[in-house]
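Asks:
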Amino acid sequence: MSSENKTAKKSGMSIVDYFMLGFGAMVGVGWSVAINGWFASGGGALPTLLAFVIGTLLMIPVGFCYAELTPAMPVAGGVVAFTYRAFGKFPSFIAGWFVVLAYVNVLPWEAIYINDVLGMMFPILKSGEPLYTLGGAGIYPIALVVGIVVSLVVIWINWVGSKVAIRFQTICTALLAVTGILLIIMALFKANPSNLLPVYQNIGKGSHSNFLGGLFAMLASAPFFLAGFDTIPQGAEEGSAGLNFKNLGKVLLIAVMAAGGFYCMMILSTGMAMPWMQFAEQARPAVSIMFRNLYPGIIGEIMYWLSLVAALAGLFTTWNGCYIAGARLIMGLGRARFLPGFFAKVHPKYGTPLGGNALCAIATLAGPFIGIGLIDPLTIIGSTAFVVGWFFVSLSAARLRKTEPDMKRPFRMPGGAPMAIVASIVSAILIIITLIPASPGYMGNVGIGYLIGWIVLGLILYGVSSKYRNSVTEEERTESIFQSKK
32 MSSENKTAKK SGMSIVDYFM LGFGAMVGVG WSVAINGWFA SGGGALPTLL
82 AFVIGTLLMI PVGFCYAELT PAMPVAGGVV AFTYRAFGKF PSFIAGWFVV
132 LAYVNVLPWE AIYINDVLGM MFPILKSGEP LYTLGGAGIY PIALVVGIVV
182 SLVVIWINWV GSKVAIRFQT ICTALLAVTG ILLIIMALFK ANPSNLLPVY
232 QNIGKGSHSN FLGGLFAMLA SAPFFLAGFD TIPQGAEEGS AGLNFKNLGK
282 VLLIAVMAAG GFYCMMILST GMAMPWMQFA EQARPAVSIM FRNLYPGIIG
332 EIMYWLSLVA ALAGLFTTWN GCYIAGARLI MGLGRARFLP GFFAKVHPKY
382 GTPLGGNALC AIATLAGPFI GIGLIDPLTI IGSTAFVVGW FFVSLSAARL
432 RKTEPDMKRP FRMPGGAPMA IVASIVSAIL IIITLIPASP GYMGNVGIGY
482 LIGWIVLGLI LYGVSSKYRN SVTEEERTES IFQSKK
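In the numbering used here, the protein residues as written are 32 to 517.
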């Protein structure tokens with residue numbers, strides 16, 4: 032390792048930075064701008080709450096798998112390295128390719144919503160005639176320009192170095208956590224359990240007709256909002272010198288439980304603060320408008336703007352966190368020669384992933400042009416893609432317990448291989464929910480078409496790059512993937 036890299040390592044990510052990365056990427060902004068839509072999709076606050084409680088509990092076995100493998104293999108790419116060590120080339124490529132799809136969906140998703148939130152704060156951004164309409168929503172010229180500018184800021188932050196990006200992540204996550212907790216407390220002051228009634232009612236969104244159907248409909252989307260802890264493995268290579276990797280596994284699990292608890296408390300507090308059916312019909316941003324109704328006068332106005340600030344902070348934490356992770360995952364695929372050599376390169380001056388940042392920049396800049404009208408397909412497809420990655424990581428953890436029982440594992444998950452098998456089954460069920468047309472969580476024909484197209488594209492890339500991929504021995508590929516452990 033060069034002296035330059037050693038210096039960077041000394042000032043790398045701390046345990047607090049890793050928590051902020053994972054928690055911030057998980058929480059994001061859905062609680063602010065989409066929570067009333069969750070109530071509508073699930074048929075009530077209680078089905079939605081139960082979906083997130085179950086979703087969080089189901090994440091724990093998956094989190095254990097990541098917690099064990101991440102400190103054991105702290106390299107860029109995470110899922111690519113784990114799956115390669117357990118199953119070899121092709122499964123590793125498939126796992127990584129699906130998680131790339133997840134990040135490719137998240138990045139424009141965040142760009143879309145930040146544009147949407149800014150448009151709510153400053154209505155002039157959506158004034159005049161739209162340039163065009165996509166998915167039933169207009170794309171306005173001023174909003175488009177602002178969205179592009181904000182996207183370029185995020186791209187620049189990640190381009191000039193991980194240190195800047197991580198500092199930005201930590202500040203935004205701290206702001207989100209403090210303001211979010213205050214919002215929950217202020218909503219609970221107005222809580223009335225009767226506002227949770229009726230327990231279930233389809234109000235015109237979704238094909239379900241009972242509580243269980245509403246629960247499954249939300250359970251299909253919940254992984255998208257609970258995803259983000261897997262950003263920690265992608266950045267594991269950039270830990271500071273002397274980092275206790277056993278603690279890295281623990282902090283990953285803490286981030287999962289903290290984010291799940293945050294979502295559940297936000298759902299419960301807003302569900303009880305006002306009748307949920309009335310809340311579900313409110314315009315965006317529903318939480319901000321709710322506080323204006325709950326607290327007429329100056330307090331309500333302060334809470335309105337404070338919630339918007341928290342929403343912006345949440346947008347940036349997920350956006351920035353997934354950008355950091357996505358660029359490093361793509362670099363991991365490049366190192367394995369599953370993608371062209373350009374994607375394995377780092378910037379000569381800043382040391383950031385060159386090809387990975389370029390691809391993430393393209394995905395980010397697409398957001399302002401897509402608009403809010405296509406947000407639902409992006410959500411469900413991204414959710415499924417994340418879960419496919421979890422499935423492969425869980426299988427890898429189970430297999431490596433058998434094939435490499437003596438592998439150094441700074442953190443060992445309780446339950447061992449059986450726990451990993453449970454995580455695999457959980458992930459498989461969540462995938463199936465989104466793929467069966469009769470399921471309330473079905474992603475829809477557009478989503479299936481998108482998914483098939485992504486798979487075909489991946490297979491084509493894998494096929495045409497066979498000569499480049501096979502030009503190195505497996506020993507050389509292994510050394511390239513795990514180069515930080517030399």
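Idealized CB from N, CA, C, for every residue including glycine. Quick caveat: nothing in here was measured; it's all calculated off a predicted structure.
1) Between the C-alpha atoms of Glu-269 and Pro-105, what's the straight-line distance to the nearest angstrom?
2) Mind checking which residues open and close the beta strand (DSSP E) that includes Gly-169?
3) Assign Met-217 to one of three DSSP states: helix, strand, or coil.
4) Do the region 369 to 380 and the region 348 to 355 touch if we need at least three Cβ pairs shorter than 8 Å?
5) Any idea what DSSP makes of Val-377, helix, strand or coil?
6) Whose CA, out of Ser-72, Gly-365 and Ile-188, lies closest to the CA of Thr-395?
7) What does the alpha-carbon distance come out to for the pair Leu-89 and Ala-248?
8) Short check: CB of Leu-228 to CB of Pro-399, under 9 Å?
9) Spell out the partners DSSP gives Leu-461 in its beta bridges.
10) Can you name the start and end residues of the alpha helix (DSSP H) that Tyr-335 belongs to?
11) State buried or exposed for Ala-82, treating a residue as buried only when at least 16 other CB atoms are found within 10 Å of its CB.
12) Which residues bound the beta strand (DSSP E) around Leu-228?
13) Runs of 3 residues minimum, wholly inside the region 177 to 219: which ones carry the beta strand (DSSP E) assignment?
14) By DSSP, does Thr-504 sit in helix, in strand, or in coil?
15) What would DSSP say about Pro-384, mapped onto helix, strand or coil?
16) Around the Cβ of Gly-480, are there at least 16 other Cβ atoms within 10 angstroms (buried) or fewer (exposed)?
17) Could you pull out every residue in the same chain whose Cβ sits closer than 8 Å to the Cβ of Leu-521, ignoring the five residues on either side in sequence?
18) Please classify Pro-78 as buried or exposed, where buried requires at least 16 neighbouring CB atoms within 10 angstroms.
19) In three-state DSSP terms, what is Met-104?
20) Please list the terminal residues of the continuous alpha helix (DSSP H) segment that includes Tyr-163.
21) Based on the DSSP output, what are the partners of Met-321 in its beta bridges?
22) State the beta-bridge partners of Met-151 as determined by DSSP.
23) Applying the 10 Å Cβ sphere with the 16-neighbour rule, what's the burial state of Trp-336?
24) Measure the alpha-carbon distance for Ala-428 versus Leu-100 and round it to whole angstroms.
25) Tell me whether the beta-carbon of Phe-513 lies closer than 9 Å to the beta-carbon of Ala-133.
26) Taking Trp-421 as the reference, which of Phe-322, Ala-454 and Glu-506 has the closest Cα?
27) Based on DSSP bridge pairs, tell me the residues matched to Met-57.
28) Are the Cβ atoms of Ser-252 and Thr-410 separated by less than 9 Å?
29) Less than 8 Å between the CB atoms is what I'm expecting for Ala-317 and Ile-66, so what's the real figure, rounded?
30) Roughly how many angstroms lie between the CA atoms of Gly-404 and Thr-434, to the nearest whole one?
31) Just verifying my parser: in three-state terms, what is the DSSP assignment at Met-44?
32) With DSSP collapsed to three states, give me the class of Ile-393.
33) Taking the straight line between their C-alpha atoms, what separation do you get for Leu-346 and Asp-147?
34) For Met-321, collect the residues of the same chain with a Cβ closer than 8 Å to its Cβ; drop the 5 residues on either side in sequence, then sort them by chain order.
35) Could you tell me the distance, in whole angstroms, from the CA atom of Gly-413 to the CA atom of Ile-483?
36) Compute the beta-carbon to beta-carbon distance between Leu-360 and Gly-108, rounded to the nearest angstrom, for a pair I have assumed lies under 8 Å.
Replies: According to the data block:
1) 9 Å
2) 168 to 170
3) helix
4) Touching, no, given that fewer than three Cβ pairs across the two stretches are closer than 8 Å.
5) In this structure, Val-377 counts as strand in the three-state DSSP scheme.
6) Ile-188
7) 16 Å
8) no
9) Bridge partners of Leu-461: none, in fact.
10) 329 to 366
11) buried
12) Segment: none, Leu-228 is in no beta strand (DSSP E) and carries neither H nor E.
13) none
14) coil
15) strand
16) Flag for Gly-480 reads exposed.
17) Residue 521 is absent from the model: the chain starts at 32 and stops at 517.
18) Pro-78 should be labelled buried.
19) The three-state reading of DSSP puts Met-104 in coil, since its state is none of H, G, I, E or B.
20) Annotation for Tyr-163: no alpha helix (DSSP H) segment contains it, though the beta strand (DSSP E) segment containing it runs 163 to 165.
21) DSSP output for Met-321 lists no bridge partner at all.
22) Met-151 is bridged by DSSP to nothing; it lacks a bridge partner.
23) The residue is exposed, with fewer than 16 neighbouring Cβ atoms inside 10 Å.
24) 7 Å
25) no
26) Of the listed residues, the one whose Cα sits closest to Trp-421 is Ala-454.
27) Per DSSP, none; premise fails for Met-57.
28) Against a cut-off of 9 Å, the Cβ pair of Thr-410 and Ser-252 comes out as a contact.
29) Right, the Cβ-Cβ distance comes to about 6 Å (below 8 Å), so this counts as a contact.
30) 47 Å
31) strand
32) helix
33) 11 Å
34) Ala-218, Thr-301, Ala-304, Met-305, Phe-310 and Gln-313
35) Answer to the nearest angstrom: the Cα atoms are 14 Å apart.
36) 6 Å
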